[in-house]
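Residue numbers (UniProt numbering): 1 to 747. Built from N, CA and C at the ideal position, the CB exists for glycine as well. Being a predicted model, the structure only gives us computed values, none of them experimental. Below you'll find the structure, written out as structure tokens, and then a few comments.
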């Protein structure tokens, strides 16, 4: 046997070998010498064996969303990293070794760093041109006041940006603003997939070990998803996009259920929250009676609308029971769903006309409810819905057009509010920018009216009822107000231009005061204080409060990573963690109370599926925190609080485990929590990371839901957005905001 030079028993003098063996010996010696060369690539590029441009951070890590994990060896010797392990246990052991290595590098770098050196984590200063901000004297009222030391930035005579002062009197320039470009993933087929930095997937991808784990198991998950789709009994592909058999109107009419069955489905539909934002109940019931009298002369698009109503009723029936799903329910839903598409195609929906938007909106909801996860095809359907709304002029208020009757105008406001909310909420779910530009819209918010207050013959709409008077449309109005502010925050999160941390307090105040202004009947109260409330009211209150906390996370998420090492960003950390814990508390409450004997047992699982993205976002924030905890000397988590967070994550893991066989997002959540809450060597993954670092100060003690909200009327100065950008297209928001700085530039 030929002895390798690296063998412990190898002698200094090479043994006599044949010429071929001598050649191999020299080759091995040459390779061994090459291993002694300094490592120039970053650790992650070296591990993946990809090209590294040796920048700080390198381009490869930046494109993969791992800029914060891009590090280089401190010494000149190349560290030979092990190949990726095949199990989660081995991956966590590798993470432990990597953390120790990073500690040593950090200690070495700190000793050799001079006063004038630049941190490798500093973002590039030429990423984007800063937005000039005019100075202003308009105060914020009705909510938390900005400190006097927090000055609003201004522009110099030549238009250059002047820095802001932070709460400590220091200068807060754009050079300190974290640069977060979102997350870009590539599947095995080479298809790129992007989500914004505030999306839950991007937060998990920022944890390098989780990102590598999911990249390596993507192919396996894809095969499992295809198998699950085959078992589920229905296709997840929207038939409006991929086609279905085309039939005649007579064939469509022959497929309509009996009057008795149709009545049951229509009645169940009106128990949902959908109808007030899509149609007028009195008008529909009149048309419904005429249809059964003479179905052959009924417009095909109205028939399509009827199919959407029956399909939503069937979905609600099949998903509101705790019994195993009946395959016949799925079959019925698929038949009704197919007829909707056939009606849309037969009626040439792209030309617009009566009932087109209402049918498209409810068809979009049907396809959305059918998806266990956020599918991009749903976004494409939404991209059909928005241009159709523009084409039919819903983005302009009916008061501008005399040919639109008061009755039709009010219904148009309701439909536009629904479209507007879909655009923002789907943007948040997919992590992509929304389509509606608020500066191009001026439709007012719907009035708080009963359907009996307006009829088709109405010549003048009565004054709206006060917010304290509950109506079916009140929830639509409340959602519109807070989702409008969510749209502003979403725009800020997707804006590629940097913005100073000190300005986020103004957006936080706007969000909090909008929440206070919501009707008191829709403020969240704990279940013991809501004994007389219906399950529908409880769910509505829960949705509004969860949305509020989700937008707090979205607002401050960009500074979450920086807050782990910088005291000036501590408020961002506290907001994100407080809101994440509150959202997961709701997750567990829903899981408990939707059982057969629970307070919310009658609630359809479609409501819960809509909120699942929010639960994933909250869990990802807590995972991010645990994995990055004590990577510095600033933060120490009390054992009681640490166990509370881990306990919340364990309970959420159990909930997602139940649906992990049919949902890839649930699978990803379970796998992430397995890594974060795993037990390598008898200790939790987060614990062995904590053990490597020194103790530091406590950053928060407990999490509580805010209470005692009062009404407000406030004025705001949000200098990054001009008057038209901020208020137009946000029905009802301008009245709550008041006076804006007219000198603020429009985008």
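Contact check, residue i vs residue j, beta carbons under 8 Å
| i | j | result |
| --- | --- | --- |
| residue 428 | residue 379 | no |
| residue 274 | residue 365 | yes |
| residue 392 | residue 352 | yes |
| residue 410 | residue 354 | no |
| residue 580 | residue 616 | no |
| residue 748 | residue 278 | For the chain, the structure presents residues 1 to 747; residue 748 sits outside this window and is missing. |
| residue 560 | residue 518 | no |
| residue 346 | residue 249 | yes |
| residue 343 | residue 300 | yes |
| residue 63 | residue 276 | no |
| residue 386 | residue 436 | yes |
| residue 521 | residue 470 | yes |
| residue 652 | residue 549 | no |
| residue 530 | residue 539 | no |
| residue 666 | residue 660 | yes |
| residue 510 | residue 499 | no |
| residue 374 | residue 430 | yes |
| residue 760 | residue 655 | The question about residue 760 has no answer here: the residues shown for the chain are numbered 1 through 747. |
| residue 412 | residue 422 | no |
Chain-order list of residues whose beta-carbon lies under 6 Å from that of residue i (same chain, five-residue window excluded)
| i | result |
| --- | --- |
| residue 306 | none |
| residue 416 | 394 and 443 |
| residue 451 | 280, 281 and 282 |
| residue 61 | 44, 67 and 70 |
| residue 573 | 563 |
| residue 269 | 309, 312 and 313 |
| residue 495 | none |
| residue 584 | 618, 648 and 652 |
| residue 524 | 541 and 545 |
Neighbourhood of residue i by C-beta, 7 Å cutoff - its chain only, sequence neighbours within 5 removed
| i | result |
| --- | --- |
| residue 348 | none |
| residue 338 | 239 and 244 |
| residue 504 | 555 and 556 |
| residue 258 | none |
| residue 533 | none |
| residue 58 | 42, 45, 52 and 70 |
| residue 368 | 378 |
| residue 490 | 424, 427, 428, 434 and 554 |
| residue 402 | none |
| residue 610 | none |
Sequence-distant residues of the same chain with beta carbon closer than 8 Å to residue i, five excluded per side
| i | result |
| --- | --- |
| residue 575 | 508, 552, 553, 555 and 556 |
| residue 462 | 449, 453 and 454 |
| residue 50 | 60 |
| residue 246 | 342, 345 and 346 |
| residue 474 | 448, 467, 519, 521 and 522 |
| residue 255 | 335 and 339 |
| residue 288 | 266 and 306 |
| residue 290 | 298 |
| residue 622 | 577, 580, 581, 584, 645, 648 and 649 |
Within-8 Å CB hit, residue i to chain B
| i | result |
| --- | --- |
| residue 341 | The structure shown has no chain B; it contains just one protein chain. |
Closer than 7 Å: residue i CB and nearest the ligand GDP heavy atom
| i | result |
| --- | --- |
| residue 598 | This structure lacks the ligand GDP; in fact it carries no ligand of any kind. |
Answer yes if the stretch 306-315 comes into contact with the stretch 473-493, meaning at least three C-beta pairs across the two stretches below 8 Å, and no otherwise.
no
Is the stretch 456-464 in contact with the stretch 394-404, if contact means three or more CB pairs nearer than 8 Å?
no
Any 3 or more C-beta pairs closer than 8 Å across the stretch 599-610 and the stretch 354-363:
no
To test your reading of the DSSP string, which unbroken alpha helix (DSSP H) runs of 4 or more residues are found completely within the UniProt domain "Zn(2)-C6 fungal-type" (41-72)?
43-48 and 59-63
Please give the ranges of any beta strand (DSSP E) in the stretch 345-380, keeping only runs that are unbroken, at least 3 residues long and fully inside the region.
none
Just checking, does the stretch 616-626 make contact with the stretch 645-659 on the three C-beta pairs under 8 Å criterion?
yes
Only counting runs of 4 or more residues, tell me where the alpha helix (DSSP H) segments fall wholly within the stretch 289-340, in order along the chain.
300-319
So within the stretch 386-472, which uninterrupted alpha helix (DSSP H) runs reach at least 4 residues, ignoring any that extend past its ends?
406-430
Unbroken stretches of the alpha helix (DSSP H), 4 residues or longer, contained in the stretch 598-626:
none
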